[in-house]
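First comes the structure, then the notes that go with it.
In our numbering, the protein residues as written are 32 to 269.
In structure tokens:
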């Protein structure tokens, strides 16, 4: 589902964050990425989402190539120009769900409408499926409640539901439990992994939490610009 080949990214001649990094995540699988602050974890997620461009390398989500640094800006596969902004937006709507540490919910919407936002934007709103997700995440009873009245854990469950409701192929989660206490973090992260597995959705989680990282099928550490496998699945990353 997610295939990364030879991805490199630097911000100056002295700072090489990603060095020919490779990773494969199949549908329904999960990978956790740990590493020191500033090592490039969030940068990697930004590249996968198409928010930033690499110096070299390729990223595929399914059969969709996000960009190829060896393709000129005039080619449709490249993201090196404003003319491709719409294509990147379409790619994210079609393939990606994103869970942020800060939730990024809309104060003007209740819980239900916050969750429905991505599927309505994509044009595949399914009330029955949304209700199923909300029940799985334990927030069905909060549907009509103003978002600012929810606890941090409840808001993050809404954010997870929003990331999944439009049936993405891949979910990216950047420190999804960073603002939660330990007990709530355990509950919310377990739900995130369980729901992605049950919906056959690939999941990439960046986290500083060892407890969250251990829930993933593949556990990795970003070090020296490469992903080091912390499990027996050595072929999945590099």
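Even for Gly, the Cβ is constructed at its ideal location relative to N, Cα and C.
Item: Could you compute how far the alpha carbon of residue 8 sits from the alpha carbon of residue 79?; Value: Shown here, the chain extends from 32 to 269; a query on residue 8 therefore has no answer.
Item: Please report how far the alpha carbon of residue 173 lies from the alpha carbon of residue 215, in whole angstroms.; Value: 17 Å
Item: Where do the N-terminal and C-terminal ends of the beta strand (DSSP E) with residue 130 fall, by residue?; Value: 127 to 130
Item: In this structure, does DSSP put residue 37 in helix, strand or coil?; Value: strand
Item: Smallest Cα separation from residue 42: which of 32, 86, 221, 188?; Value: 86
Item: Relative to the C-alpha of residue 131, which candidate in 223, 247, 190 has its C-alpha closest?; Value: 190
Item: I need the DSSP call for residue 170, collapsed to helix, strand or coil.; Value: coil
Item: Between the C-alpha atoms of residue 103 and residue 142, what's the straight-line distance to the nearest angstrom?; Value: With a pLDDT of only 31 at residue 103, under 50, the local geometry of the prediction cannot be trusted, and the value read off the model is given with reservation. Taking the straight line from one Cα to the other gives about 43 Å.
Item: Alpha carbon to alpha carbon, how far is residue 91 from residue 118? Give it in angstroms, no decimals.; Value: 15 Å
Item: Using three-state DSSP, classify residue 270 as helix, strand or coil.; Value: What the structure shows of the chain is the stretch from 32 to 269, and residue 270 is not part of that stretch, so it cannot be assessed.
Item: Return the CA-CA distance between residue 228 and residue 198, expressed in angstroms with no decimal places.; Value: 13 Å
Item: With DSSP as the reference, please indicate the residues paired to residue 233 in a beta bridge.; Value: 201
Item: Output yes or no for whether 8 Å exceeds the beta carbon distance between residue 124 and residue 153.; Value: yes
Item: In this structure, how does DSSP classify residue 77 when only helix, strand and coil are distinguished?; Value: helix
Item: Going by the CB atoms, is the gap between residue 252 and residue 243 shorter than 8 Å?; Value: no
Item: Measuring CA to CA, which of 95, 151, 250 is closest to residue 126?; Value: 95
Item: Should residue 195 go down as buried or exposed, given a rule of 16 or more other Cβ atoms within 10 Å for buried?; Value: buried
Item: Kindly indicate which residue of 139, 225, 203 has the alpha-carbon position closest to the one of residue 77.; Value: 203
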